[in-house]
Amino acid sequence: MRADQIPLSRGAFARMAAVGLDVPAVLAQAGLSLELMSAARPVVTTAQFFGFWHAVEAIGQDPSLGLRLGDGTRTEVYDMVTAAALHAGNLGEALDKLARYKRLTCPEDVVVELNRDEAAVSMRWMLAEGHTPRLLVDAMFASNFALAERGTGRHLHLRRLELTRRPAEGALLAAHFRCELRFNAPQDRIIYQRSDLELPFVTRDDSHLTRVLPLLEDSLREQSAATPLRDKVWNVLARGMRGGHLRMAQVADALYLSPRTLQRRLGEAGTSYQQVLDQVRHHLARRLLDATDLDVGEIAFLLGFEELNSFHRAFRQWEGATPARWRQVAAS
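Read left to right, the sequence shown gives residues 295 to 626 (this note's numbering).
Here it is as structure tokens:
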């Protein structure tokens, strides 16, 4: 299975303290050991990491904390992958490096989607239960935006920010990102102007990349070989779940397999394509019902159900209740 290890940078602890956060109190609130602050390489699980960020929100009582912490990327870099992105040739190359290598540092999946006018960046925690803490989403997007502006040396004009949350802190977010906000979105995404991908990076350093990229590629090959096929299929399906699910042939193609080989290897692993698809739909349905005000019909569409009744039947099998009833109970 994928290693569920997320590093807690000692530099990040120092930055939290610098913005006035009581880090020992946060750790205590999250049920984590104070020894993490002095450990040479402190790591936590995804569940513990989410608990830590929920504790940041509870202790800090400041909706701007995520933005201020993420903005630290304007002056500091905490890991090899972010450094590789910062030393890329332009913004497009930087985002590609984040998308390719980020999961080497923690179980986080970064996806870049391109259309004619836009470049959308989304981040998903692959081993998470429940939705991502609000301040963590703010910090991730603030960090990504800070890296883009630091690299280009410019003030960028984002297209918009899409957030899977109910409307909150709109003025604060709009002032920071200087763009349109869309709440109750199916996915958290920061969206750049596609033309900005060509902007050169003033922080470009080819000699650094020559040293680092072979190491990252070796690590990526090792990780890919160790990742179970079921997890790879899950990741491909979850990325493509935005109004129609991917067909098995498309998933197989993304994994450089034939559909027959994919089905056979999943069977050898004790599962099937349909079972993984159902698990992904179940996971995303719970998250969208809990975190957003999206209509049940909209959620059914996003999960690839052709009819609302089909979604109702599936959800009853998963949870023993209708989607609307489950949402009521979760909110109470």
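Ideal placement from N, C-alpha and C gives every residue a C-beta, glycine not left out.
Just so you know, these numbers come straight off a predicted model, no measurement behind them.
- Nearest to residue 425 by C-alpha distance, out of 412, 583, 368, is 583.
- Residues 429 of the same chain have their beta carbon placed closer than 6 Å to that of residue 351, with the five preceding and five following residues left out of the count.
- For residue 562, the enclosing alpha helix (DSSP H) has its first and last residue at 553-562.
- Under DSSP, residue 417 forms a beta bridge with 404.
- Below 8 Å, enough C-beta pairs join the stretch 499-506 and the stretch 368-379 to call them touching: three or more.
- With 16 or more other Cβ atoms from the protein chains shown falling within 10 Å of its own Cβ, residue 470 counts as buried.
- In this structure, DSSP gives residue 355 a state outside helix and strand, which the three-state scheme calls coil.
- The count of Cβ pairs closer than 8 Å, one atom from the stretch 531-547 and one from the stretch 573-582, reaches three, so the stretches are in contact.
- In this chain, the beta strand (DSSP E) harbouring residue 487 covers 483-487.
- Excluding its 5 nearest sequence neighbours in each direction, residue 531 has C-beta neighbours in its own chain below 7 Å: 539, 540, 545, 570, 571, 574, listed in chain order.
- For secondary structure counted as the alpha helix (DSSP H) over 4 or more consecutive residues, the stretch 326-371 holds these complete runs in sequence order: 340-354, 359-364.
- A distance below 9 Å separates the beta carbons of residue 456 and residue 483.
- Contact annotation: residue 486 and residue 453 have beta-carbon atoms nearer than 9 Å.
- When C-alpha distances from residue 347 are compared across 395, 363, 595, the shortest belongs to 363.
- Assignment of residue 423 by DSSP, reduced to helix, strand and coil, places it in the coil class.
- Fewer than three Cβ pairs drawn from the stretch 587-594 and the stretch 548-563 lie within less than 8 Å of each other, which leaves the two stretches out of contact.
- Cβ neighbours of residue 340 within its own chain (closer than 7 Å, five residues either side excluded): 298, 300, 401, 419, 421, 422.
- The three-state reading of DSSP puts residue 600 in coil, since its state is none of H, G, I, E or B.
- Closest in alpha carbon position to residue 441, among 335, 493, 397, is 493.
- Taken through DSSP and simplified to helix, strand or coil, residue 581 comes out as helix.
- As DSSP reads the structure, residue 454 sits in a beta bridge with 474, 485.
- Look at residue 480 here: in three-state DSSP terms it is coil, with no helix or strand label.
- DSSP places residue 438 in the helix class (H, G or I) of the three-state scheme.
- In the DSSP annotation of this structure, the continuous segment of the alpha helix (DSSP H) that includes residue 392 starts and ends at 385-395.
- The beta carbon of residue 407 sits closer than 7 Å to those of 414, all from its chain and outside the five residues before and after it, given in chain order.
- In this structure, residue 472 and residue 451 form a Cβ contact; the two beta carbons are roughly 7 Å apart against a cut-off of 8 Å.
- At a Cβ-Cβ threshold of 9 Å, residue 553 and residue 579 do not count as neighbours.
- Straight through space, the alpha carbons of residue 458 and residue 585 are spaced by roughly 6 Å.
- In the structure shown, residue 492 falls within a helical segment according to DSSP collapsed to helix, strand and coil.
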